[in-house]
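Residue numbers (the numbering used here): 1329 to 1385. Where a beta carbon is used, it is the ideal one built from N, C-alpha and C, also for glycine.
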Amino acid sequence: KLEELKIIKDASKYISMIRFRNFMVHRYEHIDLEIIYGILKNKLFLFEYFVDEIRKS
């Protein structure tokens, strides 16, 4: 939807971020902190990039 409204350019790069969010919200009892740490360490830039795109719109 945000891509259709031209708020973000390429929504496909956020698919893994959306899946991560859904897992955190709906399966929080199965969280492995080492996996979460690895995701945040290697993919945090996606969250930052997303926020920047929203701010620029």
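- Sequence-distant partners of residue 1342 (beyond 5 residues in either direction) whose C-beta falls short of 7 Å from its own C-beta, in its chain, are 1374 and 1378.
- Inter-residue distance for residue 1350 and residue 1344 is about 10 Å (C-alpha atoms, whole angstroms).
- In the DSSP assignment, residue 1377 falls within the alpha helix (DSSP H) that extends over 1361–1384.
- For residue 1347, the secondary structure class from DSSP, reduced to helix, strand or coil, is helix.
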